[in-house]
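**Q**
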Amino acid sequence: MKKTMMSLIAAFAFSATAFGVNASAKEIKVENGDTLWGISQQYGMNLKDLKKWNQLSSDIILPGQKLNISLPKEESNQDKYTVKSGDTLAKIAKKFAVDVQDLRKWNNITSDLIITGEKITVHQKSSNHKQLNTQTNTQRTAKEITVTATAYSANDGGISGITKTGIDLNRNQHAKVIAVDPSVIPLGSQVYVEGYGKAIAADTGSAIRGNKIDVFIANKGDALNWGVKTVKVKILN
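Under mature numbering (1 follows the signal peptide of the UniProt record, and there is no 0), the letters of the sequence shown match residues -18 to -1, 1 to 219, in that order.
#1: Are there three or more Cβ pairs, one per stretch, closer than 8 Å when the stretch 90 to 107 is compared with the stretch 173 to 186?
#2: For residue 203, does the three-state DSSP call read helix, strand or coil?
#3: To the nearest angstrom, how far is the alpha carbon of residue 128 from that of residue 97?
#4: Measure the alpha-carbon distance for residue 38 versus residue 66 and round it to whole angstroms.
#5: Comparing C-alpha positions only, which one of 22, 175 and 73 sits nearest to residue 218?
#6: Check whether the Cβ atoms of residue 20 and residue 64 sit closer than 8 Å, and answer yes or no.
#7: Hey, residue 173 and residue 215 are a contact pair by Cβ (cut 8 Å); roughly how many whole angstroms apart?
#8: Go to residue 87, then tell me how far its beta strand (DSSP E) extends in each direction, as first and last residue.
#9: Considering Cα atoms alone, identify which of 202, 130, 12 and 17 is closest to residue 147.
#10: Return the Cβ separation of residue 36 and residue 44 in integer angstroms, given the expectation that the two are a contact with Cβ distance under 8 Å.
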């Protein structure tokens, strides 16, 4: 109990110093299909900060693992959201996984006009961080496409081995990563690639255009043996 209490105190102190007084901490549980980069995007955190806060030396996380995340003050309360430049009711509704009509009802808004700096009420039960596990557990196929698939290893052609989203493939050689054209498969998407398995769209490439992907295979010989294949890709929600 004493050790647990000291850990909680340390975690609180770290959250106050590392993320400032306008942030608070929350512990989440890693679910099947989660990636560190995807969690950082879900909670609006910098990937490096997320790794530092959880003392992670790589991007590998496992189902059941617990992670500490930072929540902005306005999101940890969830009663009020401050409208930022570029926000729309639709964007705010998507952020908190609620309906636009509910936002209008909660705030007595009769039009789509909102003003930067305005406070928008968002019911606590609809907060996006409370929806994370539900969204993951009810993950379903959103779209299936046929693509041409090639393979690459971490340092082909002198590349750095760091993906577009910051995954270090040299240190995470078992990572399931594909390079995509973001206009076809958005970066951060969870996918299932025929003959490769479940992966994350975390990289791009100058030759990856349209319905074409590059699957990451750590061993260069195995990547060459993959060749060029026509496969189906399921894009998951």
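Using N, Cα and C, we set each Cβ at its ideal position, and we do this for glycine too. Note that the structure is predicted; figures quoted are calculated from it, not measured.
**A** Checking against the coordinates, here is how it stands:
#1: no
#2: helix
#3: 43 Å
#4: 32 Å
#5: 175
#6: no
#7: 5 Å
#8: Careful: residue 87 lies outside any beta strand (DSSP E), inside the alpha helix (DSSP H) at 82 to 89.
#9: 17
#10: That pair is no contact at about 13 Å.
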